[in-house]
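See structure below.
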Amino acid sequence: MMSTYYCGCCESLLREFLPGGAEYPAILQYDIVGMGRRENKNCPVCGSNDRERMVTLFLKKFILSEDFSELKMLHMAPEHVLREILAKDKRIKYVKGDNFSEGYSYPDTLHVDITRAPFEDQYFDFIICNHVLEHIEDDTAAIRELYRILKPGGRAILQVPISEKLKKTYENKKVKTTEMKIKYFGQRNHVRIYAWDYLHRLAWAGFQTQVFSFDQLYGAYFMKSRGLNEREKIIFCSKPL
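Counting from 1, position 18 in the sequence shown corresponds to residue 11 in the working numbering; the numbering is continuous, with no gaps.
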């Protein structure tokens, strides 16, 4: 059988990607993009998932291809494969941060609560926060802090899962237990379901936003062959000069 798939993280030619992801009723009910069961989710070689591959593709095409001598980058909750890719680029002053949730491994990673980030104003050139904010109770404070520590002219990828059915982000402070979070938010450690008004939250903090679609740029065949979710878009943010 010919290799018809390609992983942009490990650059392997593949016969297939592997399925993965849980399909809870809330995910289907609210049509949450970036969650649920995906047939082409995981790379059998490096273990990257579709979200990692999408961010990696964006970085390689639009950021890492730029001519720069140094880029101060903060990567929150760094994914294993993407972390290894970025750490190899000697131009990047790479800072990995996480809030150290129980049961996860954090090699060479700073303890960072992004609602109270331990960095000076206007420190980073680039921030990656990929599917993190849906776990944060006070996401307004977190977004405000991300904006504060980003330099003027700095850029950020601030991905979250987004419902295509909801008109307004759904939050419910009464939802506290693991079982209730699975029932109402679709995952055991999520605290809300974002709608596209998420962009208003970013704008309120001062960010300029651009929604980028690889599907519109390259088409369905490319998305499937690269193991990408054709419905997920990159939420690319910048801080005005």
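Built from N, CA and C at the ideal position, the CB exists for glycine as well.
Can you check whether the CB of residue j is closer than 7 Å to the CB of residue i?
i, j, result
"residue 14", "residue 50", "no"
"residue 63", "residue 76", "no"
"residue 198", "residue 137", "yes"
"residue 132", "residue 65", "no"
"residue 179", "residue 78", "no"
"residue 165", "residue 48", "no"
"residue 175", "residue 149", "no"
"residue 143", "residue 232", "yes"
"residue 145", "residue 234", "yes"
"residue 23", "residue 160", "no"
Closer than 7 Å by C-beta to residue i: which residues in its own chain qualify, once you throw out the five before and the five after it? Chain order, please.
i, result
"residue 16", "29, 30"
"residue -6", "In this prediction, residue -6 scores a pLDDT of 49, lower than 50, which makes its location untrustworthy; the coordinate-derived value is nonetheless stated afterwards. 8."
"residue 220", "-2, 0, 10, 33, 36, 43, 46"
"residue 181", "171, 174, 175"
"residue 82", "57"
Applying the 10 Å Cβ sphere with the 16-neighbour rule, what's the burial state of residue i?
i, result
"residue 173", "exposed"
"residue 18", "exposed"
"residue 162", "buried"
"residue 135", "buried"
"residue 130", "exposed"
So, for residue i: in the same chain, excluding its five sequence neighbours on each side, which residues have a beta-carbon less than 6 Å away from its beta-carbon?
i, result
"residue 89", "68, 71, 102"
"residue 38", "3, 5"
"residue 227", "51, 205"
"residue 74", "2, 39, 41, 45"
So what does residue i bridge to, in DSSP terms?
i, result
"residue 114", "Partner(s): none; residue 114 has no beta bridge."
"residue 122", "69, 151"
"residue 222", "BP columns for residue 222 are empty, so no partner."
"residue 26", "155"
Give a yes or no on whether 7 Å exceeds the smallest Cβ distance from residue i to chain B.
i, result
"residue 66", "Of the protein chains in the structure, only one exists, and it is not chain B."
Q) For the 8 Å Cβ check, are there 3 or more pairs between the segment 102 to 113 and the segment 179 to 189? A) Cβ pair count under 8 Å is below three, so no.
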